[in-house]
DNA sequence: GGCCAATACTTGCAAACGCAAGTACACGGC
DNA sequence: GCCGTGTACTTGCGTTTGCAAGTATTGGCC
């Protein structure tokens, strides 16, 4: 077992942790609300946006997805009425996505179950202090990245 | 802007950070070696395994992938000779994956470029102390998960 | 020794995604 | 006021992935 670079090891931990968490959260969210993780994140971003509305490009950037993925994710969500389209009177290119009542409700409920999952993750063997430290360091790591969810 | 749960915020940072890093590393590794991140991780696991050999199930567990994904990832890698199959004399069900010389070389080279990327990530505004702390906390978070790469 | 549950792997199928090309529109320079 | 460049979005196509079903094999139990 060779000595490994600390930066490398950290990155490996990050990659592993994420793929595991992604699976756990997806299973729970799917089971309870029929939502994928990305769908919930999309709703959460809309919920936080002023007027519950956002352009598709901005959603893509915040979700770290391509524009085409956003387009395709939205189609079924419009169909079931979580979300609706709106035009921009000044620029006919843009299509706003606006959150409807049922979508807003889903966003809140989904956030609650995601929060519960997150808390369960840290419930054992983690002090509030340690969690805060991890939070701060991760926040720093992603600080210069575009489109994060408001933190407070 | 409601007060947000610290555990939730931490998890959101984790998800975002990962999806961003995944893309960066994928671009670099693909460009330099023609490897995907998962392919490199697979080679790295083999490189660390005694005899450079591992069962497919164990690879799947370590990579946090399904068995079918591992099966399909390996096909082209066998074709180009990074890896070869071996049978277990005691159990005809298992198919070992064994690393060949070119695969071992690729694993080492890929690890070097991934290490460089990882170091670049932390090069600015990160002290060795902070990196060590982040590393320890992430390590704890994934500690009870199966199949991590040996830490050195 | 025959049967049944569990294990290792493969394959068919569908979902989620990115890239590149296509369409529609905006905006600035001339 | 037209034209070229850039932006917002959509669509076609290929890749990666998981799930579920299928095959082969092992091992325990009677």
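Residue numbers (this note's numbering), protein chains in the order written: chain F, 1 to 152; chain E, 153 to 304.
All C-beta atoms in this analysis are idealised placements derived from N, C-alpha and C, irrespective of residue type, glycine included.
Can you name the residues that DSSP bridges to residue i?
i            : result
residue 86/F : 96/F
Would residue i be called buried (16 or more neighbouring beta carbons within 10 Å of its own) or exposed?
i             : result
residue 296/E : exposed
residue 235/E : buried
residue 88/F  : exposed
residue 76/F  : exposed
residue 110/F : buried
residue 62/F  : buried
residue 276/E : exposed
residue 49/F  : buried
residue 243/E : exposed
residue 103/F : buried
residue 168/E : buried
residue 94/F  : exposed
residue 128/F : exposed
residue 18/F  : buried
residue 97/F  : buried
residue 179/E : exposed
residue 294/E : buried
residue 259/E : buried
residue 120/F : exposed
residue 117/F : buried
residue 153/E : Since pLDDT at residue 153/E reaches only 48, below the 50 mark, its modelled position is unreliable, and the value read off the structure follows with that caveat. When all chains shown are included, residue 153/E counts as exposed.
residue 204/E : buried
residue 284/E : exposed
residue 161/E : buried
residue 86/F  : exposed
residue 37/F  : buried
residue 11/F  : buried
residue 57/F  : exposed
residue 104/E : Nothing can be reported for residue 104/E, as the shown portion of chain E is limited to 153 through 304.
residue 304/E : Confidence at residue 304/E is low in this model, with a pLDDT of 39, below 50, so the placement of that residue is unreliable and no value is reported for it.
Quick one: what does DSSP say residue i is sitting in, helix, strand or coil?
i             : result
residue 124/F : coil
residue 233/E : coil
residue 288/E : helix
residue 294/E : coil
residue 65/F  : coil
residue 304/E : A caution first: residue 304/E carries a pLDDT of 39, below 50, which makes its placement in the model too unreliable to give a value.
Runs of beta strand (DSSP E) wholly within the region 5-62 of chain F (minimum 3 residues, chain order): Entirely contained in the region 5-62 of chain F, the beta strand (DSSP E) runs reaching 3 residues are, in chain order, 53-55.
Interfacial residues, the region 254-273 of chain E to chain F, with Cβ spacing under 7 Å: Correct list: 266, 267, 270, 271, 273.
Interfacial residues, the region 19-31 of chain F to chain E, with Cβ spacing under 9 Å: Cβ proximity to chain E below 9 Å picks out 19, 20, 21, 22, 23, 25 from the region 19-31 of chain F.
Residues of the region 6-18 of chain F with Cβ closer than 9 Å to any Cβ of chain E, in chain order: The region 6-18 of chain F vs chain E, Cβ under 9 Å: 6, 7, 8, 9, 10, 11, 12, 13, 14, 15, 16, 17, 18.
Chain-ordered residues of the region 125-141 of chain F with a beta carbon less than 9 Å from chain E: Correct list: 125, 126, 128, 130, 131, 132, 133, 134, 135, 137, 138, 139, 140, 141.
Against chain E: residues of the region 64-96 of chain F by CB proximity under 8 Å: Here the close residues are 64.
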